[in-house]
Amino acid sequence: MDKHKKSPSTYRGKKRPGAILTAVTLIALAAGVGGASLALPRGGPPADSLAGMRAGPHGGPGTNILLIGTDGRGGGAPGTHRTGCDCAAMPLLLLHVSEDHDRVAAVALPPGSRSPAARRPAARGVEDLARVTHVRVDRYAQLDVPRFTAAVDALHGVEVCTAGPPRDPARGRRLLNGAEALRYVSARGPAAAGEADRVRRQQRFLAAVLHRLGTEGVLDSPVRVARLGRVLLGAARGDGRLTVPELVTLAGVVRRVGTGGTEFASAGVRWDGPRAATVFGRLRTDRPLTGTAPNTGPGAPPPLRGTALDCP
């Protein structure tokens, strides 16, 4: 089967910042594969420790990183942040690394979320999410559309499994470049069911990224690792932003955990109070998510492990 087929037309759709956020997250984290020699600055924590990223003692065990999706393609329309995003619909994703570094959970607040934190500029979004969820935010990063497509291209594409009727020639495994991957993770159907399908497709993309990096040695060169980190994060430093050296440290943990120790969940297609309370409560107490969240939101996919998303 040709892995280099063009992506099916069913994935054409509007490219929204929220549609690419989840996919960017594990590309960023997986950027540290093969990067053990890129240690943190002198005097920092050891390469396998996240202790130096801890913002404070409160908010429970583990380490929490907030990813904020922005459009990032310029423009200065009224109501937009200086990054070019429309902050009225700013999407968020909270990543939790367990205290023992044996589990990673990614919880999405979809673009349609009613969460107060999803309607604020970056700095306010961090504060609001911590207040609403009672989960401490240790670091945050802003990720945008250009960085997403550039990162996928730097990986020489990501292979995904595309669904379709059994005789559909578009069905099966496909190697997507940056633009094709953006269409794949951004397209959705109408109403809640379409949003849930898009969330699950993003999760499959994440699992595909981890599988590719874990089995094919895509990022063997520390120089290439650092370059990809700069593509994703730029020159971010200070004020709680995730830095490239911290990304490398975090990526080492994620690599060891693999898809089997990675969990994916959503706070609901629309902000769902009971679901959010359950999901964030378990993050706050450093407990697994799978098999725990109530299915109260219309069409909201249940939490699952990364291995459940692997290509058959």
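Sequential numbering of the sequence shown, starting at 20, is according to the working numbering.
The beta carbon of each residue, even a glycine, is placed where N, CA and C say it ideally should be.
Model, not experiment: these values are computed from the prediction.
Taking C-beta atoms as the reference points, Arg122 and Glu282 count as a pair closer than 9 Å. In the DSSP assignment, Arg155 falls outside any alpha helix (DSSP H), carrying neither H nor E.
Counted as a single uninterrupted DSSP element, the alpha helix (DSSP H) harbouring Leu302 occupies residues Gly292 to Arg303. In this structure the stretch 191-201 touches the stretch 173-182; the number of beta carbon pairs closer than 8 Å is three or more. Note: Ser285 is bridge-paired with Ala127 in the DSSP secondary-structure output.
The beta carbons of Leu251 and Leu269 sit no closer together than 9 Å. The Cβ atoms of Arg249 and Val263 lie closer than 9 Å to each other.
The three-state reading of DSSP puts Glu118 in coil, since its state is none of H, G, I, E or B.
For the pair Ala284 and Phe299, the Cα-to-Cα distance works out to about 10 Å. Excluding sequence positions up to five before and after Leu308, its CB lies within less than 7 Å of the CB of Ala124, Glu282, Ala284, Val298, Arg301 and Pro322, all in the same chain and listed in chain order.
Each residue's CA atom was taken as its position, placing Leu201 and Leu261 some 23 Å apart. Taken through DSSP and simplified to helix, strand or coil, Leu174 comes out as coil. Rounded to whole angstroms, Val156 and Ala286 show a C-alpha spacing of 17 Å.
Rounded to whole angstroms, the separation of the alpha carbons of Thr181 and Phe224 is 10 Å. The straight-line gap separating the alpha-carbon atoms of Val276 and His120 is approximately 8 Å. Taking every protein chain shown into account, the CB of Gly292 has fewer than 16 other CB atoms within 10 angstroms, so this residue is exposed. One Cα belongs to Val126, the other to Ala296, and the distance between them is close to 12 Å.
Straight across, the Cα-Cα distance linking Asp305 with Ile84 is about 14 Å.
When beta bridges are read from the DSSP output, Thr82 appears opposite Val116.
Per DSSP, the beta-bridge partners of Gly191 are Thr181. When DSSP states are grouped into helix, strand and coil, Arg306 belongs to the coil group. Ranking Leu229, Gly280, Ile87 and Pro80 by CA distance to the CA of Leu162 puts Ile87 first. In this structure Gly259 is not in contact with Val171, their Cβ atoms being roughly 27 Å apart against a cut-off of 8 Å. Using a Cβ distance threshold of 9 Å, Leu114 and Leu128 do not count as a contacting pair.
For Ala200, the uninterrupted alpha helix (DSSP H) segment begins and ends at Gly197 to Ser205.
Rounded to the nearest whole angstrom, the C-alpha separation of Glu118 and Phe167 is 29 Å. Pairing Thr82 with Arg303, the inter-Cα distance amounts to about 10 Å. Per the coordinates, the alpha-carbon of Gly280 lies some 13 Å from the alpha-carbon of His230.
Membership of Thr268 in the alpha helix (DSSP H) is indicated by the continuous run Val263 to Val276. In this structure, the alpha-carbon of Ala215 lies about 30 Å from that of Pro80.
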